[in-house]
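Notes follow the structure.
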Amino acid sequence: MASYYEATARERLAGLLDPDSFVEVLPPTARLVSPHLQALDLPTAFDDGVIIGGATLDGLAVQVAAQEGGFMGGAVGEVQGAKIVGMLARARARDAAGVVLLLETGGVRLQEANAGLIAVSEIIRAICATRAAGIPVVAAIGGQYGCFGGMGIAAGCCSAIVMSEEGRLGLSGPEVIETAHGVDEFDSRDRALVWRTVGGKHRYLMGDCDVLVDDRIDAFRAALAHSLRAAGGLDLAAVEREHAMLTARLDAYGQCGDGEDIWRAMGFDAPQDVPMLATAALVAARQSRRAA
Amino acid sequence: MDWRSVASQLFPAGHDIAARGDLIAGTGRCGDVDFAVIGSTNHAEAGVEIALAMAALVLATVRGHPGRPLLFLVDTSGQRLRHRDELLGINRYMAHLAKCVEVARQRGHRVLALVYDQALSGGFLASGMMADLCAALPDAEIRVMGLPAMARVTRLPEERLRALAEGSPVFAPGAVNYVRMGAIDALWEGDLATHLAAALAAAADRDTRRDAGHARGGRLLAAPVAARVVAE
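From first to last, the protein sequence lines stand for chains D and H.
Mapping to my numbering: the first sequence position 69 is 384, numbers consecutive.
Mapping to my numbering: the second sequence position 93 is 120, numbers consecutive.
Given below as structure tokens:
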């Protein structure tokens, strides 16, 4: 079956959405490129690195955005941000059954600095406004660039996050932390350490990713359809539950120095084996620990 | 500027705002309106603890004082760049704070923010940039990331970035560029209490920043592109 990790944004949409249901808005023929990249003599893309439009997914009328990691690591500039914000407003205007965000991004496109930061903020606000209007917003993270920077905050504002083991989700990327505080703080080349810190399995065990799936587009499709139907609202009760969970997390794991320490504290007797567990085995292990 | 000086100018009718570490919190009275004040000082590095503490203050206001306006006083050097914060899921803690602000807004709380010193990226996204209206003092510094880290991530030479920051509003730090781009409503000079009262009356409960950026000529594509997407 097709790998989500290896696929381009367009290939992911083709595999996730119902056949022939996708109608792209502002497709590459619109030739809407970033003026800020042009000013720097940097390459541009005719879709500015994001594909948006309307479709059905498992029969649900959704609006979607898919970031293309192959263009500037999926980073958000003014045009890309406006496309995503517009798509979220479109979902509200049409009372969509949901919004699907295929996130693959380093966050703010630093080549557009201030314009990128404001765009990311507008996406965060628009996700919250869409959820407040009763429309679920679900995110998928499983591409090679992960989901970082302000878009990591945006992901955390969604109704649900679906990840694969290969996915990574965080705020500051390992390279940024290494630049700030040195290789002893975070060795960005230590792949195992990176995955123990921001990888899909750790995020799932922490409760920051709602569904962990194998790296297959059909597995993402099933999980996104389920998440759209099961999504909870954004209200006071929901944020109070989250507050209690995040408070307990800090109490329980605030002194841990490594993912393995946290997994041991969660009750994994052999935490060093967690990275080797198959997805289904990890999901079962977490569910049995929750039941206990 | 020192937060105490800012607080006394904002709230001539009195306040009980106090600092606890890098966190500042309390209640201030401006005219006949009480504000719940939440902020940080010492160019706080916004880690998981301060995000959670701010979220707790938002929730306590929603529970204890329905409808009371919130004011964020922003001074942050950005999110804390530590392995431990990433391990604990700092993006989730920041998102939680952002969602608490959103829930407050939906329940009728007006949300204002004032950047009185520094505002950098992650720490700013979940607080001041979630406000209905965000203002800044004229000397405030607002930017995305330090130039050395930016140089490494973009693989553009640091000297080139430094040169760009000299000339371009998109690159240059400084509150005035954010005003032009619509993310900062205005620079507050003179009587801060008057500005605060006017801002409370003017704040809209929807995101108006791209329209402001367009009207002011600092961000010309965001508003029309988003509008085109909705219309198609």
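Note that CB positions come from ideal geometry on N, CA and C, so glycine has one too.
Item, Value
"Closest Cα partner of Q395/D within the set G482/D, L375/D, L341/D", "L341/D"
"Opening and closing residue of the beta strand (DSSP E) in which A380/D lies", "375–382"
"The segment 191–199 of chain H in contact with the segment 225–234 of chain H per 3-pair CB rule at 8 Å", "no"
"Expected contact under 8 Å - CB spacing of A82/H and H123/H to nearest Å", "5 Å"
"Check whether D550/D and A475/D have beta carbons under 8 Å apart", "no"
"Coarse secondary structure for A230/H, derived from DSSP in three states", "coil"
"9 Å Cβ cut-off: residues of chain H touching V400/D", "D234, R237, A249, V252, A253, V256"
"Cβ pair G150/H, T103/H closer than 8 Å", "yes"
"Short Cβ contact (8 Å threshold) for A454/D with L416/D", "yes"
"Interface positions of the segment 100–115 of chain H facing chain D (Cβ-Cβ less than 8 Å), listed along the chain", "Q106, L108, R109, H110, R111, D112, E113, L114, L115"
"Coarse secondary structure for D61/H, derived from DSSP in three states", "strand"
"Contact residues within the segment 61–79 of chain H, judged by C-beta distance below 8 Å to chain D", "V75, E76, L79"
"C-beta atoms of G527/D and W578/D nearer than 8 Å", "Here residue 527/D turns out to be Leu, not Gly, going by the sequence shown. Not in contact: L527/D and W578/D (Cβ atoms no closer than 8 Å)."
"Residues, ordered as in the chain, of the segment 564–597 of chain D that lie near chain H by beta-carbon distance below 8 Å", "R564, L565, Y568, G569, C571, G572, D573, G574, I577"
"Rounded distance between the beta-carbons of E339/D and I366/D, thought under 8 Å", "6 Å"
"Chain H contacts from the segment 482–503 of chain D (Cβ-Cβ distance under 7 Å)", "L484, G485, L486, S487, E490, V491, I492, T494, A495, H496, E500, F501"
"Cβ-based neighbour list, R189/H, same chain, cut-off 7 Å, excluding 5 preceding and 5 following", "L174"
"8 Å Cβ cut-off: residues of chain H touching Q459/D", "What Q459/D touches in chain H: nothing, since even the nearest Cβ is about 16 Å away."
"Chain H residues whose Cβ lies nearer than 9 Å to that of V394/D", "L248, A249, V252"
"8 Å Cβ cut-off: residues of chain D touching H123/H", "G471, V554, E557, H558, L561"
"Identity of the residues DSSP links to L352/D by a beta bridge", "For L352/D, which the question treats as bridged, DSSP gives no partner whatsoever."
"Element boundaries [beta strand (DSSP E), containing F99/H]", "97–106"
"Test: T344/D CB closer than 8 Å to a CB of chain H", "no"
"C-alpha distance - A600/D paired with D29/H, whole-angstrom precision", "51 Å"
"Sufficient close CB pairs (3 or more, under 8 Å) joining the segment 417–435 of chain D to the segment 378–394 of chain D", "yes"
"Limits of the alpha helix (DSSP H) - the one that Y143/H falls within", "Premise fails: Y143/H lies in the beta strand (DSSP E), 138–147, not in any alpha helix (DSSP H)."
"8 Å Cβ shell around R243/H - same chain, five flanking residues per side excluded", "V206, R207, M208, G209"
"Contacts of I117/H in chain D (Cβ-Cβ under 7 Å)", "L486"
"Touching by the beta-carbon criterion (3+ pairs, under 8 Å), the segment 319–337 of chain D and the segment 401–417 of chain D", "yes"
"C161/H - containing beta strand (DSSP E), residue span", "160–163"
"For R134/H and P93/H, the rounded distance between their alpha carbons", "8 Å"
"Inter-residue spacing [alpha-carbon to alpha-carbon] between E113/H and V513/D", "7 Å"
"Inter-residue CB distance, V101/H and G53/H (contact presumed, cutoff 8 Å)", "V101/H to G53/H, Cβ: 16 Å. No contact."
"A153/H versus L432/D, R446/D, G449/D, A322/D, residue with shortest Cα-Cα distance", "L432/D"
"Enclosing beta strand (DSSP E) for V452/D [first to last residue]", "452–456"
"Those residues which DSSP pairs with S318/D across a bridge", "Partner(s): none; S318/D has no beta bridge."
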